[in-house]
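Down below is the structure, laid out as structure tokens.
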Amino acid sequence: MQADIADVMPEKEFYQANPEVCGGDFKVILGKDYLESVAKYDLVFRTPGISPLTPELVLAKKKGAELTSQIKFFMDLCPAKTIGVTGTKGKGTTSSLIYEILKASGKDVYLGGNIGVPAISFLDKLKEDSIVVLELSRDRKSTRLNSSHIPLSRM
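Here it is in structure tokens:
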């Protein structure tokens, strides 16, 4: 299986922001044309900032690629209960408050999603009795919020 990384970021900025990528066994595609070859892959992880209607992604899907996201991948493998928080305003505050309340009560709780820590980074630490609080993008509401054990939507 070949895994590659594609990002619009210029090379210097990318490697400064992602030093763990240096020396990896994969191809890194950077710059404004980073999506040109996306149709050759079987599985494409799309970030929230990229519309699924982007022509390159539409073509990839037509050619049989599965379009997914880190959050979907995480939710598919997560053994823990999840609390998904989405909406227009107050997601970060609401997510943080829920996390702090659960943490203070002695629960094995994790905070992730758009609040700074990718949920996938702590996936291997989770147990069935863990609880994950996820701040989700508004565009994730329809696809991932309903997969949460406790969905919360702020308007």
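Numbering-wise, my numbering puts 21 at position 15 of the sequence shown, and it's gapless, one number per residue.
Cβ atoms here follow ideal geometry from the backbone N, Cα and C, with glycine treated the same way.
All values reported here derive from a predicted model rather than from experimental measurement.
Contact annotation: residue 118 and residue 128 have beta-carbon atoms nearer than 9 Å.
A residue is called buried once 16 or more other Cβ atoms fall within 10 Å of its Cβ, and residue 57, having fewer, is exposed. In the same chain as residue 28, and ignoring 5 residues on each side of it, the C-beta atoms closer than 8 Å to its own belong to 21, in chain order.
In the DSSP assignment, residue 11 forms a beta bridge with 34. Three or more Cβ pairs closer than 8 Å define a contact, and the region 10–19 falls short of that threshold against the region 93–112. Inclusion of residue 41 and residue 60 in the CB contact set at 9 Å is warranted, their separation being smaller than that value.
Inter-residue distance for residue 45 and residue 62 is about 7 Å (C-alpha atoms, whole angstroms). Only buried fits residue 89, as 16 or more other CB atoms lie within 10 angstroms of its CB. Where residue 117 is concerned, the enclosing beta strand (DSSP E) starts and stops at 115–119. Take residue 47, set aside five residues on each side of it, and the residues of its chain with a beta-carbon closer than 6 Å to its own are 71, in chain order. Minimum Cα-Cα distance from residue 75 among the listed residues 99, 126, 86, 91 corresponds to 126.
Spanning the alpha carbons of residue 156 and residue 87 requires a straight line of approximately 8 Å. Around the beta carbon of residue 142, 16 or more other beta carbons sit within 10 angstroms, so the residue counts as buried. Between the alpha carbons of residue 136 and residue 55 lies a distance of about 29 Å.
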